[in-house]
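Working notes for the structure below.
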Amino acid sequence: MTMMTPQPLDDDEDEEMLVPNSDSVEVPQPLVEGPLPMEEENAGILENLALGKPQASRFSWTIENFSRVNVKKLYSDVFVVGNYKWRVLIFPRGNNVNALSMYLDAADCATLPYGWNRYAQFSLAIVNQMDNKLTVKKDSQHQFNQREIDWGFTSFMPLSELYDTNKGYLMNDTCIVEADVAVREVNDIWIYDSKKETGFVGLKNQGATCYMNSLLQTLYHIPYFRKAVYHMPTTENDNPTGSIPLALQSLFYKLQYHDTSVATKELTKSFGWDTYDSFMQHDVQELNRVLSEKLEDKMKGTVVEGTIQKLFEGNHMNYIECINVDFKSTRKESFYDLQLDVKGCKDVYASFDKYVEVERLEGDNKYHAEGHGMQDAKKGVLFINFPPVLQLQLKRFEYDFLRDTMVKINDRYEFPLELDLDRDNGKYLSPDADRSIRNLYILHSVLVHSGGVQGGHYYAFIRPKLSDLWYKFDDERVTKEDVERALEDQYGGEEEFPQTNPGYNNTPFKFTKCSNAYMLVYIRVSDKDKIICDVDEKDIAEHLRIRLKKEQEEKEDKRRYKAQAHLYTIIKVARDEDLKEQIGKDAYFDLVDHDKVRNFRIQRQMRFNIFKEEVAKEFGIPVQFQRFWMWAKRQNHTYRPNRPLTPQDEAQTVGSLREISSKVYGAELKLFLEVEFGLDLQSIPLPEITKDDILLFFKLYDPEKEELRYAGRLLVKGTAKPIEILSKLNEMAGFSPDEEIELFEEIKFEPSVMCECLHKRASFLSSQIENGDIICFQKRPSDKWKDKIRFPDVPSYLEYVKNRQVVHVRALERPREDAFCLELAKNHTYDDVVEKIAQQLGLEDPSKIRLTPHNCYSQQPKPNPIKYRSVDHLQEMLMHHNQISDILYYEVLDIPLPELQCIKNLKVTFHHATKDEAAVVNIRLPKQSTVGDVLNEIKKKVELSQPNAELRLLEVFCHKIYKIFPILEKIENINDQHWTLRSEEIPEEEKNLGPNDHLIHVYHFTKEVSQNQVQVQNFGDPFLLAIHEGETVADIKLRIQKKLQVPDEEFSKWKLALLSLGCPEYLEDSNVVSSRFQVQRREVYGVWKQYLGLEHSVTPPKRAYTIVNQTRHTIDHQAVRISN
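Here it is as structure tokens:
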């Protein structure tokens, strides 16, 4: 598993990311920045551990003078649980987010031995000192180790909520933190052979593909399905990365016959996925449907056509039947899987009961029956037939209208080993169902999701033969499990741990189990012999067997090669031919890329003079004509031939020579082979070499063509001068003997280029020239063309090569497509870059270009654009965690960026007085503007009920109104990130309130029972209401019903209550409303202590939202796609 750490998302608990602490928001990661799904690395590991009896304890930390804490991070005192030392780490001002960041930390990590690890389940809480029911508490679990010494929540709770003294989290400037920690001893042997222990192998995780792995294992262990895949027509010429059938056949074959875990890259490539898709976690159900549809299509016209339907397709009947007249409408629909409700259902049978529950169509919801008009009717679903393999998708994720977000349902939900869908005289079956088929099913597999709504980990419990033996398939690891682990432990709900720390309250700790069943696969008992059939090699095409056996043999060869590596030395031999091939094409600095030269694998004990015979055979150069030079790395980070091998060197073993050349274990021996050729291109004897001789290499630069190439090498005397070899250099270059040339020494190229003019009349020794040095030369540039050439000399050309950077420029709204490519320089300034892009776009004003950098892990734009001139050079724009990207995103603004940065952007939701539709308006004004200016801008962009309507601006959070903004308040400090800004027309009745009239807050609410406590949950749109002196609840009801346009029958079920500190006091129709409310200041900040509550069931919001002037790119959820 790989942990992906995206940027923190919203502050809602169900959108929280569990992440290791980092002092930077963008920690090194393989994925994805922004609101993308993720995998928790430990979720998979934890399930593999053999866990001992838990020890649990609670730690309380009181922090006084909290608002005056001026350190970035703060540690608690150390406390001990399970013989381990712990402490709590908080970031009082947030870990680069607008939220309190809080983590559990292994306090003694610095003194622990190498390879330590410990497992803990824990919860962290900020205590609400006014009402304990409002305490913010979050649960997690983690395998702590030397890489991840802390774990927790980067966005634990909004800073605005924490520091609001009216909320109760900060009383007398004191904050109380609580940590409940349960530690279990880990007994795990990490050297584990799945095949040996279970007979099965796992699948490798590519980054975030555990959801796919669990589904593939489930499908593989349906032998009828596996056999059908094997029988899909493929040929030996097919490429697995371009053929889904062949890739799936290959994967299944390896699962069946290999001894180690199997990679899935061929399969995902056949899907048309890239690296980004492999790091994007998707939904199992979505992948199952897309893959089934794709395979169904691929099977058409083959011997296995219809297999998907035979296995997985069932049919149900939707019906509407009139009660008072003889009329019935039916529609048959097929399904491959069924989605069952979890919320409010104790088990699978309760979900099926709910699935076929009859709905009454009456009142305003009567059914229009053809020929009979509006009629009372009943509506429902019954099953015509169930498939042999029944796939049940449990709705663990659903939209919560209370919190306006997706949440995970971790409630306890039971499922049986045997599922009888004929129960109660076949109450789930339609009249047309074939009652002779016995719909008794046996559980085959349980797919589990561990984690939260934004991400987590998937694995599967499967019993391949439908026996009592269960196996857990968790990516690469397969383990034997008992039925309790496969069933009862996956029901969800809560888990209790007893207190073990004396002196503390011994009330058991309760932790919500975040690991629970997400998908169930049942097989019909009457079909199990057909479905759980034998699959052997005769079902596999011969070309596939040959191909995969060859692959396995090659893999074994590589394994043996690796196992014997310590007996061999790799010798890499560079020659003049390599320098000619590479310089000016693949290499510009130094001499050669050693990864692209001929290499020899030689036994370490072989003597070097024997190795020379191998070279003679390979290159056709007699041993006596070979001279080898040892390479050496210089202090300036260049790598050059340093000295020739002596006869004494060549008498040594290859292994000894390698150790002389490098002290690094396993390093390669790198050599340069010097050979001289005669006129007939045959090798000839080499000249004798003395201590005064220097081996020099020469590169030729052509300024007109902007080309650099290898010219050759020479042995020169140290006392000689460059002027003495000019004619030889002209001969090398093909120039006339008297051509004037200039010489430059290439000294280094990191971190910057250093190339200096070489004095022709100074000796090589006085110029500090030594073996392996590189001299670049060129024609002396004439005054005629000197100004016409971009890079007139070697230093300027090498500087250009060093800094040149081809940048793929993309429009921000199309982040996967290159708009164009530009050749830029890494040392280009901010102004240079935007000017080049503006020229390419034909834009006169470059300051209207706004750039956004690229995230190398997620392959997406970073969430924040580059501010005007906030970076000095292009290289800084492209840098991401020590990696250089080659992608930039641009936007064309309607005003210059410096001006835009002096402007405040606000997103305001406008609620029309009489229409249900709400408009999201983007306002852009100078930061010194007032709320009144914002309201005037809104009037220009929305439709008002009347031209002279007055507007107000409200601050809304968690379905409550926190503030009515004064008209003259500056907008610079208004926050629309965590709070919703709402604008609305002021009703006429509120404009002239009498001295005894009140403006009260009205909120929708419902009650939930959690852990035997009643909690009030607000939802929907809150609003303000004017109440007049002597007005009764009955009067108020009429006005509210009219304002909200609620039908009589529905409104009759609503209850009105006065709420204070979360406690409802229900009102009678005769109560005088104004007498129950305390007089409050109208501009009070923070939610009002009293409000009028409307209790009723949660209904979807009526208001639809339209976006006005959307200006910034956002990243949407990526659907599963299989493109081939």
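Once you know that position 277 of the sequence shown is 277 in my numbering, the rest is easy, because the numbers rise by one and skip nothing.
Idealized CB from N, CA, C, for every residue including glycine.
Between which two residues does the beta strand (DSSP E) carrying H142 extend?
One-based indexing of the sequence shown puts residue 142 at position 142. Element bounds for H142: V136 to N145.
For the putative contact between C755 and C776, defined by C-beta atoms under 8 Å, what is the C-beta separation to the nearest angstrom?
For the purposes of this step, residue 755 is taken as the residue at position 755 of the sequence shown. For the purposes of this step, residue 776 is taken as the residue at position 776 of the sequence shown. About 7 Å separates the two Cβ atoms, so the contact holds.
Which residue from S436, Y230 and I63 puts its Cα closest to that of N172?
In the sequence shown, residue 172 corresponds to position 172, counting from 1. Cα-wise, what sits closest to N172 is I63.
Counting contacts by CB-CB distance shorter than 7 Å, is K408 in contact with chain B?
The structure shown contains no chain B; it holds only a single protein chain.
Quick one: Cα of S624 to Cα of K538, how far?
As a position in the sequence shown, residue 624 is number 624, starting the count at 1. As a position in the sequence shown, residue 538 is number 538, starting the count at 1. In the sequence as displayed, the identity of residue 624 is Gln instead of Ser. Computed Cα separation, rounded: 59 Å.
How about Y413 and S214: are their beta carbons less than 7 Å apart?
Locating residue 413 in the sequence shown gives position 413, counting from the first residue. Locating residue 214 in the sequence shown gives position 214, counting from the first residue. Taking 7 Å as the Cβ cut-off, Y413 and S214 do not qualify as a contacting pair.
Alpha carbon to alpha carbon, how far is I747 from S767?
The residue labelled residue 747 in the question sits at position 747 within the sequence shown. The residue labelled residue 767 in the question sits at position 767 within the sequence shown. So the two alpha carbons sit approximately 12 Å from each other.
Use the C-beta contact count for Y518: other C-beta atoms within 10 angstroms, 16 or more gives buried, fewer gives exposed.
In the sequence shown, counting from the first residue as 1, residue 518 sits at position 518. Label assigned to Y518: buried.
I'd like to know if the region 856-874 and the region 777-785 are in contact, where contact means that at least 3 CB-CB pairs between them fall below 8 Å.
no
Buried versus exposed, by CB contacts within 10 Å (16 or more), G451
Numbered from 1 along the sequence shown, position 451 holds the residue referred to as residue 451. Label assigned to G451: buried.
Neighbourhood of D23 by C-beta distance below 6 Å, restricted to the same chain and skipping five residues each side:
Counted from its first residue, the sequence shown places residue 23 at position 23. Its pLDDT being 36, under 50, D23 is placed unreliably in this model, and the value from its coordinates should be taken loosely. Excluding sequence neighbours, D23 sits near nothing in its chain.
Would you call the region 344-353 and the region 414-429 in contact, with 3 or more CB pairs under 8 Å?
yes
Could you check if N187 is buried or exposed, using at least 16 other CB atoms within 10 Å of its CB as the buried criterion?
Taking the first residue of the sequence shown as position 1, residue 187 is located at position 187. Residue placement at N187 is flagged as unreliable, the pLDDT there being 48, under the threshold of 50; the coordinate-derived value follows with that caveat. Per the 10 Å Cβ criterion, exposed.
Taking the CB atoms as reference points, tell me whether L897 and R850 lie closer together than 7 Å.
Within the sequence shown, residue 897 is the residue found at index 897, counting from 1. Within the sequence shown, residue 850 is the residue found at index 850, counting from 1. A contact, by the Cβ cut-off of 7 Å.
With DSSP collapsed to three states, give me the class of S278.
If you number the sequence shown from 1, residue 278 lands on position 278. Caution is warranted here: a pLDDT of 45 is assigned to S278, below 50, making its placement in the model unreliable, and the coordinate value is therefore given only provisionally. In the structure shown, S278 sits in a helix (DSSP, three-state: H, G or I).
So V956 is in the beta strand (DSSP E); what residue range does that whole segment cover?
Start at 1 with the first residue of the sequence shown, and residue 956 comes out as number 956. If you look at V956, you'll find it in the beta strand (DSSP E) that goes L951 to F957.
For the candidate residues P233, V80, Q249 and N65, whose alpha-carbon lies nearest to that of A179?
Indexing the sequence shown from 1 puts residue 179 at position 179. Measuring from the Cα of A179, the nearest candidate turns out to be V80.
Using only alpha-carbon positions, find the residue among V942, D916, K408 and E321 that is nearest to K379.
For this step, residue 379 is matched to residue 379 along the sequence shown. Ranking the options by Cα distance to K379, first place goes to E321.
Consult DSSP for N42 and reduce its assignment to one of helix, strand or coil.
Sequence index remark: in the sequence shown, residue 42 carries index 42 (1-based). Note on N42: pLDDT 41, under 50, position unreliable in the model; the coordinate value appears next. In this structure, N42 counts as helix in the three-state DSSP scheme.
Pick out the complete beta strand (DSSP E) segments inside the region 658-708, 3 residues or longer, and give them in chain order.
With a minimum length of 3 residues, the continuous beta strand (DSSP E) runs that stay inside the region 658-708 are 669-674 and 693-702.
Hey, could you find the ends of the alpha helix (DSSP H) G207 is sitting in?
Position 207 of the sequence shown, counted from the start, is the residue given in the question as residue 207. Note, G207: premise wrong, no alpha helix (DSSP H); not H, not E.
Rounded C-alpha distance that separates L591 from E674:
Here residue 591 refers to the residue found at position 591 when the sequence shown is read from its first residue. Here residue 674 refers to the residue found at position 674 when the sequence shown is read from its first residue. Rounded to whole angstroms, L591 to E674 spans 14 Å at the Cα level.
Taking just the CA atoms, how far does E481 sit from D286?
Here residue 286 is taken as the residue at index 286 of the sequence shown, counted from 1. Here residue 481 is taken as the residue at index 481 of the sequence shown, counted from 1. Reading off the sequence shown, one finds Glu at residue 286, where the question assumed Asp. So the alpha carbons of these two residues sit roughly 28 Å apart.
Alpha carbon to alpha carbon, how far is Y471 from L251?
Start at 1 with the first residue of the sequence shown, and residue 471 comes out as number 471. Start at 1 with the first residue of the sequence shown, and residue 251 comes out as number 251. Cα to Cα, the separation comes out at about 19 Å.
Taking C-beta to C-beta, are M317 and K332 nearer than 7 Å?
On the sequence shown, position 317 is the one that residue 317 refers to. On the sequence shown, position 332 is the one that residue 332 refers to. With a cutoff of 7 Å on beta-carbon distance, M317 and K332 are scored as near each other.
Own chain partners of K580 with C-beta closer than 6 Å, once the 5 adjacent residues on each side are dropped
By one-based count along the sequence shown, residue 580 stands at place 580. For K580, where only same-chain residues beyond five positions count, the Cβ hits under 6 Å are Y710.
Does P626 come out as helix, strand or coil in the three-state DSSP assignment?
Sequence index remark: in the sequence shown, residue 626 carries index 626 (1-based). Note that residue 626 is Gln in the sequence shown here, rather than Pro. Residue state, collapsed to three classes: coil.
Please classify E16 as buried or exposed, where buried requires at least 16 neighbouring CB atoms within 10 angstroms.
Position 16 of the sequence shown, counting from 1, holds the residue named residue 16. With a pLDDT of only 34 at E16, under the threshold of 50, the placement of this residue in the model should not be trusted; the figure read from the coordinates follows. Looking at its Cβ environment, which holds 16 or more other Cβ atoms inside 10 Å, E16 is buried.
Which runs of the beta strand (DSSP E) spanning at least 3 residues fall entirely within the region 1022-1069, listed in chain order?
1055-1060 and 1063-1066
Boundaries (first-last residue) of the beta strand (DSSP E) holding A825:
Translated into positions along the sequence shown, residue 825 becomes position 825. Taken as a continuous stretch (DSSP letters only), the beta strand (DSSP E) holding A825 covers F820 to A825.
Do the region 647-659 and the region 594-606 meet, that is, are 3 or more Cβ pairs less than 8 Å apart?
yes
Within this structure, are the beta carbons of E950 and I923 separated by less than 7 Å?
In the sequence shown, residue 950 corresponds to position 950, counting from 1. In the sequence shown, residue 923 corresponds to position 923, counting from 1. Going by C-beta atoms, E950 is not nearer than 7 Å to I923.
Can you tell me whether P722 is buried or exposed, with buried defined as 16 or more other CB within 10 angstroms of its CB?
Sequence index remark: in the sequence shown, residue 722 carries index 722 (1-based). Classification for P722: buried.
Using the rule of at least 16 other Cβ atoms within 10 Å of the residue's Cβ for burial, across every protein chain shown, is H221 buried or exposed?
On the sequence shown, residue 221 is found 221 positions in, with the first residue counted as 1. Under this definition H221 is a buried residue.
Tell me whether R713 is buried or exposed, calling it buried when 16 or more other Cβ atoms sit within 10 Å of its Cβ.
What you label residue 713 is simply residue 713 of the sequence shown in a count that begins at 1. Result: buried.
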